[in-house]
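Below you'll find the structure, written out as structure tokens, and then a few comments.
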Amino acid sequence: MSQQNPVSTTSATVQVFASPGSWIESSAVDQCHQVAALDGMIHVAGMPDLHPGKGAPIGAAMTSSVLYPFLVGSDIGCGIAVFPFRLKRVVPERLATRFPDLDAPLDPADLGDVEIPAAYTDQLGTVGRGNHFVELARVDAVLDDRHAARLGLAAGDTVLIVHSGSRGLGERILRAHTEVHGAGPAADADAYLAAHDDAVRWGHLNRRLMAERVAAALGAELGDPVTDECHNSVRVRDGSYLHRKGAAPGDGRDVLIAGTRGTHSFLVAGHAGAEAGHSVAHGAGRKMSRADALRRGKVKHTVEELRRTTVGSLVVCGDRQLLFEEAPTAYKRIEQVIGDLVAHRLATPVVSTLPLVTYKTADVAPRRGGRR
Numbered sequence: 085m086s087q088q089n090p091v092s093t094t095s096a097t098v099q100v101f102a103s104p105g106s107w108i109e110s111s112a113v114d115q116c117h118q119v120a121a122l123d124g125m126i127h128v129a130g131m132p133d134l135h136p137g138k139g140a141p142i143g144a145a146m147t148s149s150v151l152y153p154f155l156v157g158s159d160i161g162c163g164i165a166v167f168p169f170r171l172k173r174v175v176p177e178r179l180a181t182r183f184p185d186l187d188a189p190l191d192p193a194d195l196g197d198v199e200i201p202a203a204y205t206d207q208l209g210t211v212g213r214g215n216h217f218v219e220l221a222r223v224d225a226v227l228d229d230r231h232a233a234r235l236g237l238a239a240g241d242t243v244l245i246v247h248s249g250s251r252g253l254g255e256r257i258l259r260a261h262t263e264v265h266g267a268g269p270a271a272d273a274d275a276y277l278a279a280h281d282d283a284v285r286w287g288h289l290n291r292r293l294m295a296e297r298v299a300a301a302l303g304a305e306l307g308d309p310v311t312d313e314c315h316n317s318v319r320v321r322d323g324s325y326l327h328r329k330g331a332a333p334g335d336g337r338d339v340l341i342a343g344t345r346g347t348h349s350f351l352v353a354g355h356a357g358a359e360a361g362h363s364v365a366h367g368a369g370r371k372m373s374r375a376d377a378l379r380r381g382k383v384k385h386t387v388e389e390l391r392r393t394t395v396g397s398l399v400v401c402g403d404r405q406l407l408f409e410e411a412p413t414a415y416k417r418i419e420q421v422i423g424d425l426v427a428h429r430l431a432t433p434v435v436s437t438l439p440l441v442t443y444k445t446a447d448v449a450p451r452r453g454g455r456r
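Printed below as a string of structure tokens:
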């Protein structure tokens, strides 16, 4: 579905940046219009990975004179970081057995002098469930020499991709609002923004700590992130509130747009303007609900088939249901999403990455030749 020109609503405009060949559910577009009808809304921009969410679309940048916490959601500060990750030997079968348990939080006593936003240590250093992951990947192709050189990336480099957010902290912040105001606007925007900013900083720290845990376990040299951008946030821009739900900053930022555990991902240089909410897509975007992915996947695949992808990468996941729910077939084609961003002049692809090992949850089953 494609909407090339803004569509007027009672109070705002809606524009979806997708080509006719893109898979965009009508229910997701309907949600964009529902959001546009809220008091104070100015503009809603749908990204090419747009899909329906709980009460609000995912893959959208929404500008308003009013701050709506539910448009950000509970996983405030969720984002993707990419770290240079240097290993002496890259043997995926061996490395898959050495990933640490990223469901187990760090002991606060081991954090030393680390400054923790909001002093919230529960779940610190953990990945969470859903579409969160930690992935060892290889730079497969350089698509823009100038930008790749600026970021210090070359074909064959190994990187660690970390996708997670503020975990229980963000959930607490949203719940404190919704228990009193439901889906209504923030009663005290400054107070919400202060808590929100703590959660965003916590998310950045959480991704860094997970990268350090994996580097220590795999014996790798960890570099500073080449990008670490969140895609669930709100910020004040030009006197308005710019809400992003599953949309990454595209105003001169470098962003990793995740494919799936069995496809490429793409690091892009964003240059999106106001019509796109200064934003770009954050991933491939779901095309199946979790229930549909589970039902269809069990007919087509076995658990062991899902532990090794069609590109030869390995999946570490002890949750069988999650294996099916997050199967590559549950998502849209990442190449289509990137193509739409390019066609609408929102981003320039810099490099593509290909997964080697994708961690979802601790593996509870022994692998051949490996540990539990």
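Heads up: the sequence shown begins at 85 in the working numbering, then just goes up one per residue.
The beta carbon of each residue, even a glycine, is placed where N, CA and C say it ideally should be.
Less than 7 Å between the C-beta atoms of F350 and L244, yes or no? Here residue 350 corresponds to residue number 266 of the sequence shown, with the count starting at 1. Here residue 244 corresponds to residue number 160 of the sequence shown, with the count starting at 1. The Cβ atoms of F350 and L244 do not sit closer than 7 Å to each other.
Just the Cα atoms here: how many angstroms apart are E359 and H428? Stepping through the sequence shown from its first residue, residue 359 is reached at position 275. Stepping through the sequence shown from its first residue, residue 428 is reached at position 344. Cα-Cα distance, rounded: 11 Å.
Distance between beta carbons of N316 and D159, contact taken as under 8 Å: The residue you call residue 159 lines up with position 75 of the sequence shown. The residue you call residue 316 lines up with position 232 of the sequence shown. That pair is a contact at about 5 Å.
What is the DSSP secondary structure of F101, reduced to helix, strand or coil? In the sequence shown, the residue the question calls residue 101 occupies position 17. Three-state DSSP puts F101 in coil, outside helix and strand.
Among V156, S103, A121, M146, whose alpha-carbon lies nearest the alpha-carbon of P132? Position 48 of the sequence shown, counted from the start, is the residue given in the question as residue 132. Checked all of V156, S103, A121, M146; the closest Cα to P132 is S103.
Would a C-beta distance cut-off of 7 Å place E313 and A295 closer than the cut-off? Looking up residue 313 in the sequence shown gives position 229. Looking up residue 295 in the sequence shown gives position 211. No; because the gap between Cβ atoms is not below 7 Å, this pair is not in contact.
Residue environment, K172, which counts as buried when at least 16 other CB atoms sit within 10 Å: Indexing the sequence shown from 1 puts residue 172 at position 88. K172 comes out exposed.
Given a cut-off of 7 Å, decide if T445 and D403 are closer than it, judged by their beta-carbon atoms. As a position in the sequence shown, residue 403 is number 319, starting the count at 1. As a position in the sequence shown, residue 445 is number 361, starting the count at 1. In contact: D403 and T445 (Cβ atoms closer than 7 Å).
Report all residues from its chain with a CB closer than 6 Å to the CB of G453; omit the five preceding and five following residues, and keep chain order. Counting from one through the sequence shown, the residue named residue 453 turns up at place 369. The predicted position of G453 is uncertain, since its pLDDT is 36 and thus under 50; a value taken from the coordinates is nonetheless stated next. Taken in chain order, the list of residues that qualify is empty.
Can E419 and A377 be called in contact, C-beta distance under 7 Å? Against the sequence shown, residue 419 aligns to sequence position 335. Against the sequence shown, residue 377 aligns to sequence position 293. The Cβ atoms of E419 and A377 lie no closer than 7 Å to each other.
For Y204 and D197, the rounded distance between their alpha carbons: Numbered from its first residue, the sequence shown carries residue 197 at position 113. Numbered from its first residue, the sequence shown carries residue 204 at position 120. Distance between D197 and Y204, taken at the CA atoms: about 14 Å.
Could you check where the alpha helix (DSSP H) with P176 kicks off and where it finishes? Position 92 of the sequence shown, counting from 1, holds the residue named residue 176. Run containing P176: 176-180, per the alpha helix (DSSP H) assignment.
For V434, the nearest candidate out of C401, W286, L440, R337 (CA to CA): Taking the first residue of the sequence shown as position 1, residue 434 is located at position 350. For the residues C401, W286, L440, R337, the minimum Cα distance to V434 belongs to R337.
Who are the Cβ neighbours of P269 in its own chain at under 7 Å, not counting the five residues just before and after it? Counting from 1 along the sequence shown, the entry for residue 269 is found at position 185. The answer, listed in chain order, is V150, L151, Y152.
Three or more C-beta pairs below 8 Å linking the stretch 227-246 and the stretch 292-306: Flag = yes, the stretch 227-246 and the stretch 292-306 touch.
List, from N- to C-terminal side, the beta strand (DSSP E) runs of 3 residues or more that fit wholly inside the stretch 150-204. 163-170
If I'm right that P141 touches V156 with Cβ under 8 Å, what's the distance once you round it to whole angstroms? By 1-based counting over the sequence shown, the position of residue 141 is 57. By 1-based counting over the sequence shown, the position of residue 156 is 72. About 13 Å separates the CB atoms of P141 and V156; that is not less than 8 Å, and the two are not in contact.
Counting Cβ pairs closer than 8 Å, one from the stretch 381-391 and one from the stretch 199-214, do we hit at least three? Verdict: no, contact absent.
Among residues of its own chain, excluding the 5 on either side of R451, which ones have a beta-carbon nearer than 8 Å to its beta-carbon? Within the sequence shown, numbered from 1, the residue matching residue 451 stands at position 367. In this prediction, R451 has a pLDDT of 44, which is less than 50 and means its spatial position is unreliable; nothing more can be read from the coordinates.
What residue does the alpha helix (DSSP H) around E410 start on, and which one ends it? One-based indexing of the sequence shown puts residue 410 at position 326. According to the DSSP assignment, E410 belongs to no alpha helix (DSSP H), since it is labelled neither H nor E.
Return the chain-ordered ranges of every alpha helix (DSSP H) run that is complete within the stretch 245-307 and spans a minimum of 4 residues. 251-265, 273-302
Please state whether the Cβ-Cβ distance between G354 and G334 is less than 7 Å. Looking up residue 354 in the sequence shown gives position 270. Looking up residue 334 in the sequence shown gives position 250. Yes. Within cutoff.
Closest to G163 by CA distance: which of M372, P309, Y415 is it? Residue mapping note: residue 163 aligns to position 79 of the sequence shown, counting from 1. For the residues M372, P309, Y415, the minimum Cα distance to G163 belongs to P309.
Closest residue to P184 among E219, A193, A165, F167 (Cα-Cα distance): The residue labelled residue 184 in the question sits at position 100 within the sequence shown. Nearest Cα to P184 within the set E219, A193, A165, F167: E219.
Assuming I126 is part of the beta strand (DSSP E), what are its boundary residues? Residue mapping note: residue 126 aligns to position 42 of the sequence shown, counting from 1. 125-135 is the extent of the beta strand (DSSP E) around I126.
Can the beta-carbon of S373 be found less than 7 Å from the beta-carbon of R328? The count along the sequence shown starts at 1 and reaches residue 373 at position 289. The count along the sequence shown starts at 1 and reaches residue 328 at position 244. Contact flag unset, no.
Where the alpha helix (DSSP H) containing K444 begins and where it ends: Counting from one through the sequence shown, the residue named residue 444 turns up at place 360. Note, K444: premise wrong, no alpha helix (DSSP H); not H, not E.
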